[in-house]
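Asks: Numbering follows this note's numbering, with no gaps: position 175 of the sequence shown is 276.
Here a beta-carbon is modelled for each residue, glycine too, at the ideal position from N, C-alpha and C.
One structure follows; several queries about it will come next.
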Amino acid sequence: MLFEALHRLGSKPDRLMMYPSEFLRSESDDSPESRLLRFARDRYGVKLMPVEVQMKGGSGAPWSESYTKLLAFNQTQYDRVLNLDSDATILQSMDELFLLPRSTVAMPRAYWINPGQTLSSQLLLIEPSDVEFIRVMDAFSTAGPGEYDMDIVNHLYGGDALVIPHRPYNLLTGEFRSKNHDAYLGNSKEDWDSERMFKEAKYLHFSDWPLPKVCPNIEFAPPSHSYSLCSIAMDYRPPPGG
């Protein structure tokens with residue numbers, strides 16, 4: 102659980118979870134989803150934010166609900182939001198990302214796709230605003246078949262986003278099965294050392310395509326919501342004068 106990791110690592114920013122509004126109807130709701138949400142709130146100090154799941158392409162498409170993470174652009178109560186896919190784990194504190202230079206969006210490269218060209222939406226450092234939220238929602242409404250959240254953020258921000266180094270902020274589990282690690286290492290001279298790379302990594306994303314995600318098989322997460330809970334946000338508002 103990402104929030105357990107944030108708690109254990111002593112992360113300072115607020116912790117916000119965007120979740121499907123039907124998962125927690127009332128405090129008396131005794132469904133597995135509502136119990137887990139209350140546990141995150143009460144044990145790890147998570148602020149719960151009910152949202153309507155944004156979906157296109159039919160519920161059977163693997164990333165059909167991934168647009169929901171774009172609602173982070175509407176969290177204007179914060180100056181900056183670090184939006185994380187929750188099908189991942191945090192290995193080391195990443196609080197320092199909030200100290201990066203100002204930029205509407207900062208994100209790492211999708212090193213496994215067209216190295217040097219495509220940016221990854223698995224980790225997004227966002228400066229929320231009404232203007233940017235309108236932009237991303239407009240892009241969502243006009244997205245064609247096969248266009249998902251990563252396509253939208255690359256289209257809108259790929260040319261001027263601040264690039265976060267994927268080492269150590271975006272390592273895929275599938276990298277450990279790969280036979281060629283040049284794209285992740287960033288060069289062809291360095292020797293791959295799996296133990297060293299794991300110790301260096303701060304954010305490990307569970308992605309072993311074409312193997313499926315494990316979360317659709319969890320009993321309390323129906324397949325129709327297998328990606329709904331895969332978006333959280335760490336939020337930070339600097340103190341006055343800070």
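From the DSSP secondary-structure annotation, give me the bridge partner or partners of Ile93.
Replies: The question about residue 93 has no answer, for the chain in this structure spans 102 to 343.
Asks: In or out: Tyr120 buried (at least 16 other Cβ within 10 Å) or exposed?
Replies: Buried, since its Cβ has 16 or more Cβ neighbours within 10 Å.
Asks: Quick check on DSSP: helix, strand or coil for Asn215?
Replies: Residue state, collapsed to three classes: coil.
Asks: State the CB to CB distance for the pair Thr177 and Pro229, rounded to an integer number of angstroms; the pair is presumed to be in contact (CB under 8 Å).
Replies: Their Cβ separation, rounded to whole angstroms, is 5 Å, which keeps Thr177 and Pro229 in contact under 8 Å.
Asks: Under the criterion of a Cβ to heavy atom distance below 7 Å, does Glu105 qualify as lining the ligand SAH?
Replies: The model depicted lacks the ligand SAH and carries no ligand whatsoever.
Asks: Within the same chain, show all residues whose beta-carbon is closer than 8 Å to that of Ala162, passing over the 5 residues directly before and after it, in chain order.
Replies: At Ala162 the pLDDT is 49, less than 50, meaning the model places this residue with poor confidence; the figure from the coordinates comes in the next sentence. Cβ neighbours of Ala162 beyond the five flanking positions: none.
Asks: Give the straight-line distance between the Cα atoms of Ser187 and Tyr304, rounded to the nearest whole angstrom.
Replies: Cα-Cα distance, rounded: 10 Å.
Asks: Based on the DSSP secondary-structure assignment, which residues constitute the bridge partners of Met208?
Replies: Answer is Val264.
Asks: Can you confirm whether the region 255–268 touches the region 188–207 when touching is taken to mean that 3 or more C-beta pairs between the two stretches lie within less than 8 Å?
Replies: The region 188–207, when compared against the region 255–268, does touch it at the 8 Å Cβ threshold.
Asks: Going by beta-carbon coordinates alone, are Asp349 and Lys300 separated by less than 8 Å?
Replies: Given that the chain is displayed from residue 102 to residue 343, the structure contains no residue 349 and the question cannot be resolved.
Asks: Assuming Asn184 contacts Ile227 under a Cβ cut-off of 8 Å, what Cβ separation, rounded to an integer in Å, is found between them?
Replies: Between Ile227 and Asn184 the Cβ distance is about 6 Å, and since that is below 8 Å, they are a contact.
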